[in-house]
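Asker: Questions regarding the structure given below will be posed in turn.
Numbering (this note's numbering), first residue to last: 1139 to 1730.
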């Protein structure tokens, strides 16, 4: 039943979701000399990045048009079209395991299997009473118990639990290649979000079976995502660039690389000891990491095999002749810390108890575009006060709400010293500026758009319906400007999979990943209509497309965009023969 809402109530919800158009907002984005000098008919690229869903969690039952094939839970017979267990349900059943002698291992010894999934939980490990405790040991349809929303208000009551999605956990869950995907639940239950996270202990990991949930397009879930897939082009082989969570995957989206720990002069030094990751299990626990969590370990010196957790991953890479891509003596950030600047560009204090990474000079796509005279902006929901206040909130309350509304780790260019401490900072904007630039005809050649937290789809604080709502407005508004739409590609994806199960093959690229598959849709007049592309791609593929389109070089000798395009088939149809390799998205377009 739909709840009646007054126009003023709808206006407030629109503002909070970041889907309101503010046509009176002034713009500072103006075309640069090389905006139109492209190798394809695409003159505007808009990259929209939601949050935390794997391909299988969203497209589990999607059936493409005749002549197209797809790899998902339905096509593999793991589930039936109605969401019930399929004839090959055992391919996704979950096993228990035992760590090997107190040392981190990405292939722990299997000890048995779950009879039922652990009860799905909500925040702080509280059982989610909407789900039964007798779920079969495998994927289950979320909307069988929590109906897929039909409006914004009901979406606020359809938010589900947030699975673990951290670096060393995800390596263990997938074994690096995802050749078997039977330890997703056990890793979540044995480690949680790490003991340096509030409320997480060996006896209370705050994780259940929620990561095995999926939405069912075949029975009406995610209808806008399904319509986009039917009308445009999708990939069933697009991957998050880094094992783990939001912050580092957003940094990879902007740089093809990861943050490093430096002093004020840019020298690579060691971080505080309490901030170094240690995934070796604590004594008398089965796999509960010694130093890990959102207020603890997140830096790794991966050139050194004696460092905690490094040897297991490096040994796997060595066995596949894959270079680790770790510079000597350098600590890399592999889990979420906050950026080193606030939205006004003021430095944020560093230190042992400040979980903030230092100002970065890692090359970014923004600098490369500016150097080539191609215009760009990064629009993040909540970066501008008007994104969430409109005329209904005073400044003190607005600033308080903004801290919850603004995705600071989804604003990676705010971590770049080169961007923030230069005139390029003016290109970091909010959603109000995006719609103002769109209406004024001053949208830059390249736009990155990040929804506000409530509208991004992140489990625990949002839902896919709210991300659909955000996308539906954005795409409709772009299409309403017919001249712009005629030469535009909107790339729709998520930052990472949020820890949900995915069954896709993963290519070993370096110490940092790749990670599991995530959704990716190309919405454009030039997209191959109704196509499912199988080319191996990851988040750096967007960098490669932008570079291909405007004639740019790779960002650095170590950034992922330096990798070649895939050729032939490797061990499976989804892995390239010339690994490591990632595509440049051109296989999803038709340019005539």
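From the three backbone atoms N, C-alpha and C, an ideal C-beta is built for every residue, glycine too. In this text the structure is predicted, and so the values were computed from the model without any measurement.
Measure the alpha-carbon distance for residue 1649 versus residue 1451 and round it to whole angstroms.
Answerer: Approximately 7 Å, taken between the alpha carbons.
Asker: Distance check for residue 1362 and residue 1605, CA to CA, integer angstroms please.
Answerer: Roughly 10 Å between the two C-alpha positions.
Asker: Could you tell me which of 1461, 1667, 1639 sits nearest to residue 1353, measuring between CA atoms?
Answerer: Checking every option, the nearest Cα to that of residue 1353 belongs to 1639.
Asker: Within 10 Å of its beta-carbon, does residue 1226 have 16 or more other beta-carbons around it, so buried, or fewer, so exposed?
Answerer: Exposed: under 16 other Cβ atoms inside 10 Å.
Asker: Are the CB atoms of residue 1641 and residue 1214 nearer to each other than 8 Å?
Answerer: Contact flag set, yes.
Asker: Would you check if the distance between the CB atom of residue 1712 and the CB atom of residue 1459 is smaller than 8 Å?
Answerer: Their beta carbons are not under 8 Å apart, which means residue 1712 does not touch residue 1459 by this criterion.
Asker: Residues in the same chain with beta-carbon distance under 6 Å from residue 1724, minus the five sequence neighbours each way, listed in chain order, please.
Answerer: Closer than 6 Å at the Cβ level, and outside the excluded window around residue 1724, lies no residue.
Asker: How long is the line joining the alpha carbons of residue 1395 and residue 1272, rounded to whole angstroms?
Answerer: Answer to the nearest angstrom: the Cα atoms are 42 Å apart.
Asker: Can you tell which of 1682, 1686, 1709 has the C-alpha that lies nearest to the C-alpha of residue 1391?
Answerer: When only C-alpha atoms are compared, the closest one is 1682.
Asker: With residue 1467 and residue 1563 assumed to form a contact (beta carbons below 8 Å), what rounded beta-carbon distance in angstroms separates them?
Answerer: With a Cβ gap of about 31 Å, residue 1467 and residue 1563 do not count as contacting.
Asker: Please give me, in chain order, every unbroken run of the beta strand (DSSP E) with length at least 3 that falls completely inside the region 1467–1517.
Answerer: None, since the region 1467–1517 contains no complete beta strand (DSSP E) of that length.
Asker: Which residues mark the beginning and the end of the alpha helix (DSSP H) in which residue 1605 is found?
Answerer: It spans 1602–1617 - the alpha helix (DSSP H) in which residue 1605 sits, taken as one unbroken run.
Asker: By DSSP's criteria, residue 1651 is part of a beta bridge. Which residues make up the other side?
Answerer: DSSP output for residue 1651 lists 1648 as bridge partner(s).
Asker: Which residues in the same chain as residue 1710 place their Cβ atom closer than 6 Å to its Cβ, once the five residues preceding and following it in sequence are excluded?
Answerer: So the qualifying residues of the chain are 1643.
Asker: For residue 1568 and residue 1169, what's the separation of their Cα atoms in angstroms?
Answerer: When rounded, the distance between both Cα atoms is 19 Å.
Asker: Among the residues of its own chain, which have a CB less than 7 Å from the CB of residue 1521, if the five just before and after it don't count?
Answerer: Excluding residues within five positions, the ones whose Cβ falls inside 7 Å are 1481, 1544, 1549, 1566, 1567, 1568.
Asker: Where does residue 1253 land, buried or exposed, given buried means 16+ other C-beta within 10 angstroms?
Answerer: Classification of residue 1253: exposed, given that the 10 Å Cβ count is below 16.
Asker: Compute the Euclidean distance between the alpha carbons of residue 1379 and residue 1621, then round it to the nearest angstrom.
Answerer: Roughly 33 Å separates the two Cα atoms.
Asker: Would residue 1286 and residue 1359 qualify as a contact pair, given that the criterion is a beta-carbon distance under 8 Å?
Answerer: A contact, by the Cβ cut-off of 8 Å.
Asker: List the DSSP bridge partners of residue 1658.
Answerer: Paired residues: 1631.
Asker: In terms of alpha-carbon separation, which member of 1428, 1409, 1454 lies closest to residue 1469?
Answerer: Nearest option by C-alpha distance: 1409.
Asker: Drop a sphere of 10 angstroms on the beta-carbon of residue 1295, count the other beta-carbons inside from all chains shown, and report buried for 16 or more, exposed for fewer.
Answerer: Exposed.
Asker: Are there 16 or more other CB atoms within 10 angstroms of the CB of residue 1515, so buried, or fewer, so exposed?
Answerer: It is buried - the Cβ of residue 1515 has at least 16 other Cβ atoms within 10 Å.
Asker: Put residue 1676 into one of helix, strand or coil per three-state DSSP.
Answerer: Here residue 1676 sits in strand by DSSP.
Asker: With DSSP run on the structure shown, which of helix, strand or coil describes residue 1257?
Answerer: Note: residue 1257 maps to coil in three-state DSSP.
Asker: I need the straight-line Cα distance from residue 1577 to residue 1364, nearest angstrom please.
Answerer: Their Cα atoms are separated by approximately 28 Å.
Asker: In terms of residue numbering, what span does the alpha helix (DSSP H) encompassing residue 1573 cover?
Answerer: Taken as a continuous stretch (DSSP letters only), the alpha helix (DSSP H) holding residue 1573 covers 1569–1578.
Asker: Decide if residue 1336 is buried, meaning its Cβ has at least 16 other Cβ atoms within 10 Å, or exposed.
Answerer: Answer is exposed; the Cβ neighbour count stays below 16.
Asker: Could you spell out where the beta strand (DSSP E) holding residue 1371 opens and where it closes?
Answerer: Residue 1371 -> beta strand (DSSP E) spans 1371–1373.
Asker: Tell me where the beta strand (DSSP E) around residue 1428 begins and ends.
Answerer: 1427–1429 is the span of the beta strand (DSSP E), which, as asked, contains residue 1428.
Asker: Could you say which of 1702, 1726, 1256 lies nearest to residue 1276 if we only look at CA atoms?
Answerer: Closest option to residue 1276, Cα to Cα, is 1256.
Asker: Rank 1246, 1340, 1323, 1421 by C-alpha distance to the C-alpha of residue 1313 and give the top, closest one.
Answerer: Ranking the options by Cα distance to residue 1313, first place goes to 1246.
Asker: So which of 1592, 1573, 1632 has the shortest CA-CA distance to residue 1612?
Answerer: Per the Cα distances, 1573.
Asker: With a threshold of 8 Å on Cβ separation, who are the neighbours of residue 1504 within its own chain once the five nearest residues in sequence on each side are excluded?
Answerer: Counting only Cβ-Cβ distances below 8 Å, and skipping sequence neighbours, we find 1392, 1514, 1516, 1551, 1554, 1557, 1562, 1565.
Asker: Fully enclosed by the region 1663–1715, which alpha helix (DSSP H) runs are 4 residues long or longer?
Answerer: For the region 1663–1715, whole alpha helix (DSSP H) runs of length 4 or above, ordered along the chain, are 1678–1688.
Asker: If we ignore side chains and look at the alpha-carbon of each, how far apart do residue 1488 and residue 1436 end up?
Answerer: One C-alpha to the other measures close to 14 Å.
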